[in-house]
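Following: one structure in structure tokens, then a few remarks.
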Amino acid sequence: MISLSRKIVGVRVAGNGPINDFFYEVDIMNIEMWRPKSNYNVPIFYTTKGNFTVLTTLESCVDAFPAFYSLDGSNLVNVKNINRIDTGNFGGVAYFRDSNIHTGVNIKNVSTWDRIVDVSDAANIDDRLIFVNKISSTGKTERGELIFAKDAFYFDTWEPKRNYKVPRIYTGHGEYSVGLTLQSCKDAFPHLYPAHNGSLVNIDLIEAIDKDLYGYTIRYKNSDYSSVIARDKAKYLKEFLGLQ
Numbered sequence: 293m294i295s296l297s298r299k300i301v302g303v304r305v306a307g308n309g310p311i312n313d314f315f316y317e318v319d320i321m322n323i324e325m326w327r328p329k330s331n332y333n334v335p336i337f338y339t340t341k342g343n344f345t346v347l348t349t350l351e352s353c354v355d356a357f358p359a360f361y362s363l364d365g366s367n368l369v370n371v372k373n374i375n376r377i378d379t380g381n382f383g384g385v386a387y388f389r390d391s392n393i394h395t396g397v398n399i400k401n402v403s404t405w406d407r408i409v410d411v412s413d414a415a416n417i418d419d420r421l422i423f424v425n426k427i428s429s430t431g432k433t434e435r436g437e438l439i440f441a442k443d444a445f446y447f448d449t450w451e452p453k454r455n456y457k458v459p460r461i462y463t464g465h466g467e468y469s470v471g472l473t474l475q476s477c478k479d480a481f482p483h484l485y486p487a488h489n490g491s492l493v494n495i496d497l498i499e500a501i502d503k504d505l506y507g508y509t510i511r512y513k514n515s516d517y518s519s520v521i522a523r524d525k526a527k528y529l530k531e532f533l534g535l536q
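Shown next, in the form of structure tokens:
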């Protein structure tokens, strides 16, 4: 059973319903890969409430985390997790609780630090999850998983491969990259079924599987959206789900 309360940070695909910055895991119908621009190939989540993709820029993180602050122009910081700040003539350094992790603070933000802290303290604790891969000590990405947004210390960017700059998240448990592959989705959402090599579907939301001249198509409950499924997978699911 998928918890209704699992909210996942996402970037809504333009022109696809009301603006928000998350979707519910239980509403996922299908995950495929998508090219928002020529050199990027990232997951897209088709849900019953609209379509979402992952965080691909620091600017998208700014939109998704309005309670976080850009403290030096190249980071986005969860001020709630700062333990102390040391200041000097040219700015400061913020240190995070229960860790040796730190990040810079420019002189402008040092001068308004008390106000920044007050605004951060007044914000609700973020109850969403972020789809990520942990970055190993050798710089390789590990299995896909979900981490709590409230555990993020700060965001910056990194290049997992050439000309492919994406957000990186620092936490007390290590560094993470945003999730970027279908295999990472398989790791993070093991309950989803591989309809073919490029598709993961939520069988709880399948209403019908139809055969036509071109193959098999999945129809979803309370949605006009549909997706294709491989012949052998279609036959298995039709029997497993008791579909005619």
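Our numbering puts the first residue of the sequence shown at 293, with every later residue one more than the last.
Just so it is clear, CB atoms sit at the ideal spot from N, CA and C, and this is done for glycine as well.
Because the structure is a prediction, the values reported are computed rather than measured.
In terms of Cβ geometry, Arg511 and Ala500 form a close pair [threshold 8 Å]. Here Val411 is exposed: its Cβ has fewer than 16 other Cβ atoms, across all protein chains shown, within 10 Å. Under the three-state reduction of DSSP, Ala386 is assigned to strand.
The continuous stretches of alpha helix (DSSP H) do not include Val318, and DSSP gives it neither H nor E.
One Cα belongs to Asn370, the other to Lys530, and the distance between them is close to 47 Å.
In the displayed model, Tyr332 falls within coil according to three-state DSSP, outside both helix and strand.
The C-alpha of Asn489 is placed about 11 Å away from the C-alpha of Lys478.
In this structure, the straight-line span from the alpha carbon of Thr395 to that of Asp364 is close to 8 Å. Here the alpha carbons of Phe447 and Cys353 stand approximately 8 Å from one another. Residues of the same chain with a CB within less than 6 Å of the CB of Arg420, apart from the 5 flanking positions on each side, are Lys299, Val301, Phe314, Ala441 in chain order.
Per DSSP, Val346 has no beta bridge partner at all.
Remark: C-beta atoms of Asn401 and Arg389 do not approach each other more closely than 8 Å.
Taken in chain order, the complete beta strand (DSSP E) segments of 3 residues or longer contained in the segment 369-424 are 374-380, 383-388, 394-397.
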